[in-house]
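Trainee: Top line first, the protein sequences correspond to chains D and Z.
With the first letter of the first sequence counted as 1, position 683 gets the number 683 in my numbering; the numbers rise by one all the way through.
With the second sequence counted from 1, adding 794 to any position gets you my numbering.
Backbone N, C-alpha and C fix where the C-beta goes; we use that ideal spot for every residue, glycine too.
Just so it is clear, the structure is predicted and the values come from calculations on it, not from any experiment.
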Amino acid sequence: MKKNTSSAHTGASDPKRIALVGNPNTGKTSLFNTLTGLNQKVGNYPGVTVDRKTGFFTLQGESIELMDLPGTYSLAARSLDETVVIDILIGKQLQKEPVDLILIIVDASNLTRNLYLVSQILELNIPVVLALNMTDIAASKGLEIDADCLSSNLSVPVVRIQANKRKGIDELKTMISDVLFSESVPGKSEIIYPEELNNGFTQLKQWCQANQKEIKEVELFRALVDQDGYTEKRLIQEAGDEFAQQLISARSHAQKVSFPSLEAQARYRWIAHVLKDAVRKPAFPVSTTSDTLDRYFTHKLFGSLIFLVIMAIVFQSIYAWAAPIMDTVESFFGYLGGLVSSIIPEGALQSLLVDGVIGGVGGILVFLPQIAILFFFIALLEDCGYLPRAAYLMDRILSFCGLSGKSCIPLLSSFACAIPGVMATRTIENKRDRLVTMIVAPLMSCSARLPVYLIFIGAFVPNRTLLGDTLNLQGITLLACYLIGISVAIPIAWIFKKTVASDDHSIFIMEFPSYKLPSLRNAILYVYEQCREFILRAGTIILCVSVLVWALAYFPHSNQIEQKYETERQQLADNTYPALLTTVQQHNPAFYQDASTMTALLEKMALDASLSSLLEETNGAEPAPSDSLRKLQTQYTNYLTALNDIAQQENGDYLRESYLGKMGRWIEPIVRPMGWDWRIGMAAIASFPAREIIVATLGTILNLGDQMDEESSDLRSALQNTQREDGTKLFTIPVAFSIIVFFALCCQCAATLAIIQRETKSWKWPLFVFCYMTALAYVCSILTYQVGMWAGLG
Amino acid sequence: MTLENTLTFLIIAACAFYTFRFIVRTLRGESDCGKCSSCDSPAILTKNNQRDKNINR
């Protein structure tokens, strides 16, 4: 048996298909990854999979398609992710036949609840293999499970596995192979339903036969029991209003107890019978470490405090640990820029590579160490099972704004990236709750915002410690930046609930997985994946936008400007030359007498090792240098300073007269209330496809504007020193925070808008999200700047 | 046009083309956003759908 990836399987004949099904958080994705060799994300919380994922592996030389389906507690589909499960199992999706085998994975420590879904799946009349996962946790709870007895009671093969530790996988594959390649009889659940339910079902069946409606029994049963459910709605659409009348009539057989309750009672009776001999429970429930920890982690007061402490530690570490690596990366790009400048002659290509590519992409890659540290912590928190507890704590806050508790996981996911967050809203049954969650999810601070926060905090917030040495001001500010999104999302959600959405409220039920020691391997893999994507992005879209911004800021590169400043340089040389020559000749008359021009003089000065060393010695030399040398040093320094001023003015003129500069003038009146000048405005506009582009574009623009020199070779120092045209500093604390607020609230991500369009099947909502977030960001950014100026921070 | 200018022009043209393609494909939900390889991103789903279409054919 060998593993294969999807790319190898596009042959003409359809491979055999297996559906991987189970309750949420039972280890489906771990098992899927182990079987297919793919590396889908595994989260220790329910709702990681909201759509099917497909992988392939081979058994007996034949290609097998494995589909990882969203976790579900039953086949009574109401939310979008649950409809995916039932559609695939009964062969409704993609108009395909039902799957060849269903691989059900169950949590051994929670068999009673897990077997509810099993009982429904056994009624589909499809061969089944049952994987008994998390047997170690069951053992820690004192449960003794007899897998053979369970297999015999269920009439299906049962295999013990530990998906995360890859135990029992070979046995599972053998069992799948046996069932798949033999004419095996599907397992059956012998559930005895009450008479009224049977009568209703029989009535529907007879109506279908009489009216030649080909509806599968399992669909008919689900339509009968799940009132207003997905199957009922679909069948009414297919079979017409008469079927709807029949449903009402069939349901009238229910007397004192509703059909859903009758179904549940019948299934749990069957489950009790199945487990009777197969599971031995301890006389008294064993209190696990998870139970003890949950007493504190989910406590109203301590839980919230612990959450804040954990977050504070995470953000502290980002600043404390990353600095040395960041300095190394910065030095590397500085060296690379110097190297390229020395190889390629001065001109457009050199500027493109040094200012556009190295200045832009290098500027953003500096933040890679900090991003890696943040994701390392997120991976640990996720893997150990803390995130559902955080969601539980957030539920209290979210319920204030009338948002469903089910919104917690999508919103938490959005802290990493809004795209899986928006997709995770599929678990929300209430359509309007889902819509509001989708609208506010992009407000959560995703990883792309991190470089923006990091650069401005690094440049403008002092690296000071608070409360002794326990807290770092920069870390606290970063935590505050992350809270901006959620503190704005709560009132926004409340407003939307009162206006565009109804007040319907659904109950939040979430299963807490057991705590476990996080896997270092998983964390490193996760960090590697994230860093790889970040570098990939820096090397593709960020690189391209940086080059385009460079082109707009470099061209037309007028000759008139060049001539104007060349004349100025010549005049400066002519004015300085006689005085400098006189002083130099006092030092070494024979050597310098033939230096007839300023250039020749400077070249000779550079060649003269004795003079160079003397010039160096005049800097703080003991005893004091001679008068002639001091004079030479002053004249030489003044000349270089004047030359540098001319170069800065020249680059400033080039930038102002460039296409970018001209466009910037148009938008300057709009961004001025935020304290921005046209350079920040243009960098922000260039960042609308993806927000992290701002760092690279600012790097490019400041590089071209000659704001980065020997003293401010990195972007952070360049930001501190950049000046407006009137000579005042451009980036003050109010300006820096107005930029942070703008980027925290603005929807600068084309991919997020695209995913909202796909989920809502309309361009109306992404357009709405774009407009409201941009307007919100603009207003809040103006307020931040104005309040900062009023407080005297400017 | 010198070799240096030709190279500069070609790099800019390639970047402009890639950026345009990125925006169009992203808005059409065809492009991998690149932020998160692990989720079922638009690209992965599109690939799945495309493969399903191929198999059906």
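1. Anyone know if the C-beta pair for Ser79 (chain D) and Ile428 (chain D) falls short of 8 Å?
2. Secondary structure at Met134 (chain D), three-state DSSP: helix, strand or coil?
3. Confirm, please, whether the CB-CB distance from Val547 (chain D) to Thr830 (chain D) is below 8 Å.
4. Taking contact to mean at least 3 C-beta pairs separated by less than 8 Å, is the stretch 531-539 of chain D in contact with the stretch 807-816 of chain Z?
5. Where does the unbroken alpha helix (DSSP H) through Met423 (chain D) begin, and where does it stop?
6. Chain D beta carbons: is any one of them nearer than 8 Å to that of Leu821 (chain Z)?
7. In this structure, does DSSP put Leu69 (chain D) in helix, strand or coil?
8. List the whole-angstrom C-beta distance separating Gln649 (chain D) from Leu580 (chain D), where the pair is believed to meet the contact cut-off of C-beta under 8 Å.
9. Is it right to say Val257 (chain D) is buried, meaning 16 or more other beta carbons lie within 10 angstroms of its own, or is it exposed?
10. For a contact meaning CB atoms closer than 9 Å, what does Cys544 (chain D) contact in chain Z?
11. Within its chain, find whatever has a CB closer than 8 Å to the CB of Lys516 (chain D); leave out the 5 residues flanking it on each side and keep chain order.
12. How about Ile492 (chain D) and Thr477 (chain D): do their beta carbons lie closer than 8 Å?
13. For Leu801 (chain Z), go through chain C and note every residue whose CB falls closer than 7 Å to its CB, in chain order.
14. Counting along the chain, where does the beta strand (DSSP E) carrying Thr58 (chain D) start and finish?
15. Pull up the distance between the alpha-carbon of Thr802 (chain Z) and that of Phe302 (chain D), whole angstroms please.
16. Would you say Ser447 (chain D) and Cys417 (chain D) are within 8 Å of each other, going by their C-beta atoms?
17. Between the C-alpha atoms of Lys16 (chain D) and Thr499 (chain D), what's the straight-line distance to the nearest angstrom?
18. Does any CB atom of chain Z fall closer than 8 Å to the CB of Phe547 (chain D)?
19. If we ignore side chains and look at the alpha-carbon of each, how far apart do Ala348 (chain D) and Val488 (chain D) end up?
20. Would Pro513 (chain D) and Pro388 (chain D) qualify as a contact pair, given that the criterion is a beta-carbon distance under 8 Å?
21. Looking only at its chain, what residues have a beta carbon closer than 8 Å to the beta carbon of Thr83 (chain D), apart from the 5 residues adjacent to it on each side?
22. Which stretch, first to last residue, makes up the beta strand (DSSP E) that contains Gly27 (chain D)?
23. Keeping to the same chain, check which residues put their C-beta closer than 7 Å to that of Lys216 (chain D); ignore five residues upstream and five downstream.
24. I'd like the span of the alpha helix (DSSP H) that includes Asp383 (chain D), first residue to last.
25. Classify Asp14 (chain D) as helix, strand or coil using the three-state DSSP reduction.
26. State the DSSP-derived secondary structure class of Asn835 (chain D), mapped to helix, strand or coil.
27. Taking C-beta to C-beta, are Thr72 (chain D) and Leu117 (chain D) nearer than 8 Å?
28. Using a Cβ cut-off of 9 Å, which residues of the stretch 441-462 of chain D contact any Cβ in chain Z, in chain order?
29. Between Pro689 (chain D) and chain Z, is the shortest Cβ-Cβ distance under 8 Å, so that the two count as touching?
30. DSSP has Ser63 (chain D) in a bridge; who is on the other side?
31. With Ile364 (chain D) as the anchor, note down where its alpha helix (DSSP H) starts and where it stops.
32. Bridge partners for Val280 (chain D) per DSSP, in chain order?
33. Quick check: the stretch 289-300 of chain D against the stretch 250-265 of chain D, are at least 3 beta-carbon pairs closer than 8 Å?
34. List the endpoints of the continuous alpha helix (DSSP H) containing Leu117 (chain D).
35. Which residues in the same chain have their Cβ closer than 6 Å to the Cβ of Thr784 (chain D), if we skip the five residues on either side of it in sequence?
36. Buried or exposed, going by whether 16 or more other CB atoms sit within 10 Å of the CB of Leu655 (chain D)?
Mentor: On the basis of the data shown:
1. Contact: yes.
2. Looking at Met134 (chain D) - three-state DSSP - the assignment turns out to be coil, as it is neither helix nor strand.
3. Lying outside 1 to 794, the shown extent of chain D, residue 830 (chain D) is not represented and no answer is given.
4. The stretch 531-539 of chain D makes no contact with the stretch 807-816 of chain Z, as fewer than three CB pairs between them are under 8 Å.
5. According to the DSSP assignment, Met423 (chain D) belongs to the alpha helix (DSSP H) that extends over Ala418 to Ala424.
6. For Leu821 (chain Z), the nearest CB of chain D lies under 8 Å from its own CB, placing it at the interface with that chain.
7. Coil.
8. That belief does not hold up - the Cβ atoms of Gln649 (chain D) and Leu580 (chain D) are roughly 22 Å apart, past 8 Å.
9. Result: exposed.
10. Simply Ala808, Cys809, Ala810, Phe811, Tyr812, Thr813 and Phe816.
11. Asn44, Asp383, Cys384 and Gly385, listed in sequence order.
12. No, they are not a contact pair.
13. Any reference to chain C falls outside this structure, whose protein chains are D and Z.
14. Lys53 to Leu59 is the span of the beta strand (DSSP E), which, as asked, contains Thr58 (chain D).
15. Rounded to the nearest whole angstrom, the C-alpha separation of Thr802 (chain Z) and Phe302 (chain D) is 60 Å.
16. Yes, Cβ-Cβ distance for Ser447 (chain D) and Cys417 (chain D) is below 8 Å.
17. When rounded, the separation of the alpha-carbon atoms in Lys16 (chain D) and Thr499 (chain D) is 49 Å.
18. The sequence given here places Val at residue 547 (chain D); Phe does not occur at that position. So, interface residue.
19. Near 45 Å, if we compare the C-alpha coordinates of Val488 (chain D) and Ala348 (chain D).
20. Their beta carbons are under 8 Å apart, which means Pro513 (chain D) touches Pro388 (chain D) by this criterion.
21. Only Ala77 and Tyr230 meet the Cβ criterion.
22. In the DSSP assignment, Gly27 (chain D) falls outside any beta strand (DSSP E) and carries neither an H nor an E.
23. Close CB contacts of Lys216 (chain D) within its chain, under the 7 Å cut and outside five residues either way in sequence, are with Ile90 (chain order).
24. Judged by DSSP secondary structure, Asp383 (chain D) falls within the alpha helix (DSSP H) whose first and last residues are Leu368 to Cys384.
25. In the three-state reduction of the DSSP assignment, Asp14 (chain D) falls in the coil class, being assigned neither a helical nor a strand state.
26. A question about residue 835 (chain D) goes unanswered here, because the residues of chain D that appear run from 1 up to 794.
27. Yes, they are a contact pair.
28. Hits within the stretch, in order: Cys446, Ser447 and Ala448.
29. Closer than 8 Å: yes.
30. Beta-bridge partners of Ser63 (chain D) (DSSP): D:Thr58.
31. From DSSP, the alpha helix (DSSP H) with Ile364 (chain D) extends over Gly359 to Leu365.
32. Note that residue 280 (chain D) corresponds to Arg in the displayed sequence, not to Val. D:Glu144.
33. Contact between the stretch 250-265 of chain D and the stretch 289-300 of chain D is absent: fewer than three C-beta pairs spanning the two stretches fall below 8 Å.
34. Here the alpha helix (DSSP H) through Leu117 (chain D) covers Leu111 to Ile121.
35. These residues qualify, in order along the chain: Phe737, Ser738 and Val741.
36. Leu655 (chain D) comes out buried.
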